[in-house]
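Enquirer: In my numbering, the protein residues as written are 1364 to 1725.
Below you can see the structure in the form of structure tokens.
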């Protein structure tokens, strides 16, 4: 393995989005620019007994347009979304996988939860039927790293491929770790991002009982996700996927690729405080931003825009604001800050992938 090289620059050449606001980066981006809300009443299941009854569900998504019907039946929706987003991103990048060295092409597509739909359905088969009713594809389809595995099989990518599971940071960590692998010389191309499909009865029951979901906007769903607003009362769940095509700058230039952006800096830290609540002074986030800026060789006052995590929960929004002020000082009043979760909802493990694509376009 080669030593890490900061001279090996990593660029973004393709973007793939699977979301209610648009299948593909361009329709999605136009709806984001228009400020359109992708949040409505949940229809996947009966929410009458749930405190939160709203979400950003995928509609008009047909998995068999992106995968063989047999593979659709064997896999969970979170894998369907990842495959579709990957194929969109490859098309957007103008990257013909038959003409690249697949030994130098890897996949890191993270998920915070994995196959929640599979868990719901197969649990019902077990408890309402018998053990013999449970599908033999249950375990392969629910493990969180299977999305990246199926993506690799679909396109023949034989480079680095493993699961990145870190709750709502999964997509961001997948992108950052993919870039690090490329800096170490492990790959020339990485497919990276996040995918999630947790709008299920079990997923909603768990988050509602954590008191994490918005409960005051069931009658006006489009207003439910309101990051940094005084009347926010919880997050609104979304589903979908966001995938980026990362290439070394040398590889991208050699094939004449359009370059959206450079992935210049990355860091990952832990609050080491609580399983759900952020550090009350935002110390973990402050440390992460400082290290990412240092990794990129960028001064805080050079920053133009921050796409905030901005979950619409009282704890996150308060402590994230404190961390931004701590790191950026007076410049915090000048840098542009927004949370696009106001339109997309919170996609959990897919959030980092979707929001990284938004940043690349911004």
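C-beta atoms are modelled at their ideal positions from N, C-alpha and C, and glycine is treated no differently. Bear in mind the structure is a predicted one, so any value in this text is a computation, not a measurement.
Classify residue 1434 as helix, strand or coil using the three-state DSSP reduction.
Expert: helix
Enquirer: Whole angstroms are fine: how far does the CA of residue 1484 sit from the CA of residue 1724?
Expert: 37 Å
Enquirer: Reducing DSSP to helix, strand and coil, say where residue 1483 ends up.
Expert: Three-state DSSP puts residue 1483 in a helix.
Enquirer: Nearest CA to the CA of residue 1634: which residue from 1447, 1715 and 1532?
Expert: 1532
Enquirer: Just the Cα atoms here: how many angstroms apart are residue 1467 and residue 1585?
Expert: 43 Å
Enquirer: With C-beta atoms as the reference, is residue 1601 less than 8 Å away from residue 1708?
Expert: Less than 8 Å divides the Cβ of residue 1601 from the Cβ of residue 1708.
Enquirer: Apply the 10 Å Cβ neighbour rule to residue 1439 and answer buried if 16 or more other Cβ atoms are within range, or exposed otherwise.
Expert: buried
Enquirer: At the level of alpha carbons, what is the spacing between residue 1331 and residue 1572?
Expert: Only positions 1364 to 1725 of the chain appear in this structure, which leaves residue 1331 out of reach.
Enquirer: Which residue marks the beginning of the beta strand (DSSP E) containing residue 1610, and which one marks its end?
Expert: 1603 to 1611
Enquirer: Quick one, which of 1691, 1649 and 1662 has its alpha-carbon nearest residue 1682's?
Expert: Residue 1649 is the option with its Cα nearest to residue 1682.
Enquirer: What residues in its chain sit with their C-beta under 8 Å from that of residue 1364, if we drop five residues either side in the sequence?
Expert: Its pLDDT being 37, under 50, residue 1364 is placed unreliably by the model, and the measurement read from it follows with that caveat. So the qualifying residues of the chain are 1547, 1548 and 1549.
Enquirer: Give me the Cα-Cα distance between residue 1488 and residue 1455, rounded to the nearest whole angstrom.
Expert: 40 Å
Enquirer: When the Cα of residue 1629 is compared with those of 1608, 1659, 1606 and 1418, which residue comes out closest?
Expert: 1659
Enquirer: Within the chosen definition, does the region 1407 to 1414 reach the region 1655 to 1673 through at least 3 CB pairs nearer than 8 Å?
Expert: No, the region 1407 to 1414 is not in contact with the region 1655 to 1673.
Enquirer: In chain order, what residues of the same chain lie with their CB nearer than 6 Å to the CB of residue 1414, ignoring the 5 residues before and after it?
Expert: 1571 and 1578
Enquirer: Restricting to runs no shorter than 4 residues, where is the alpha helix (DSSP H) found entirely within the region 1489 to 1554?
Expert: Runs found: 1501 to 1505, 1509 to 1518 and 1533 to 1546.
Enquirer: Should residue 1557 and residue 1534 be called a contact, given that it needs their Cβ atoms to be closer than 8 Å?
Expert: yes
Enquirer: Are there 16 or more other CB atoms within 10 angstroms of the CB of residue 1393, so buried, or fewer, so exposed?
Expert: exposed
Enquirer: Residue range of the alpha helix (DSSP H) that residue 1706 falls in?
Expert: 1704 to 1707
Enquirer: Can you check whether the CB of residue 1391 is closer than 8 Å to the CB of residue 1559?
Expert: no
Enquirer: Could you compute how far the alpha carbon of residue 1623 sits from the alpha carbon of residue 1494?
Expert: Taking the CA atoms as reference points, residue 1623 sits about 50 Å from residue 1494.
Enquirer: Where does residue 1624 sit, in a helix, a strand or coil, going by DSSP?
Expert: strand
Enquirer: I think residue 1379 touches residue 1388, with their Cβ atoms under 8 Å apart; what is that distance to the nearest whole Å?
Expert: 7 Å
Enquirer: Mind reading off the beta-carbon distance from residue 1445 to residue 1604? Whole number of angstroms is fine, and I expect it under 8 Å.
Expert: Contact between residue 1445 and residue 1604 is confirmed by a C-beta separation of about 5 Å, below the 8 Å threshold.
Enquirer: Which first and last residues belong to the beta strand (DSSP E) in which residue 1701 is found?
Expert: 1699 to 1701
Enquirer: May I ask you to report which of helix, strand or coil DSSP gives residue 1404?
Expert: In this structure, residue 1404 counts as strand in the three-state DSSP scheme.
Enquirer: With a 10 Å radius around its C-beta and 16 neighbouring C-beta atoms as the bar for buried, classify residue 1372 as buried or exposed.
Expert: buried
Enquirer: Given this structure, state the Cα-to-Cα distance separating residue 1554 from residue 1698, to the nearest angstrom.
Expert: 30 Å
Enquirer: Look up residue 1350 in the DSSP assignment and say whether it is helix, strand or coil.
Expert: Here the chain has residues from 1364 to 1725 only, and residue 1350 is not among them.
Enquirer: Verify whether the separation of the beta carbon atoms of residue 1457 and residue 1617 is less than 8 Å.
Expert: no
Enquirer: Whole angstroms is fine: what's the gap from residue 1499's alpha carbon to residue 1370's?
Expert: 47 Å
Enquirer: Taking the beta strand (DSSP E) that residue 1375 belongs to, which residues open and close that run?
Expert: Counted as a single uninterrupted DSSP element, the beta strand (DSSP E) harbouring residue 1375 occupies residues 1373 to 1382.
Enquirer: So, with DSSP's three-state summary, where would you put residue 1652?
Expert: helix
Enquirer: State the start and end residues of the unbroken alpha helix (DSSP H) segment that holds residue 1572.
Expert: 1564 to 1572
Enquirer: Determine the burial state of residue 1626: buried for a count of at least 16 other Cβ atoms within 10 Å of its Cβ, exposed for fewer.
Expert: buried
Enquirer: Would DSSP call residue 1673 helix, strand or coil?
Expert: coil
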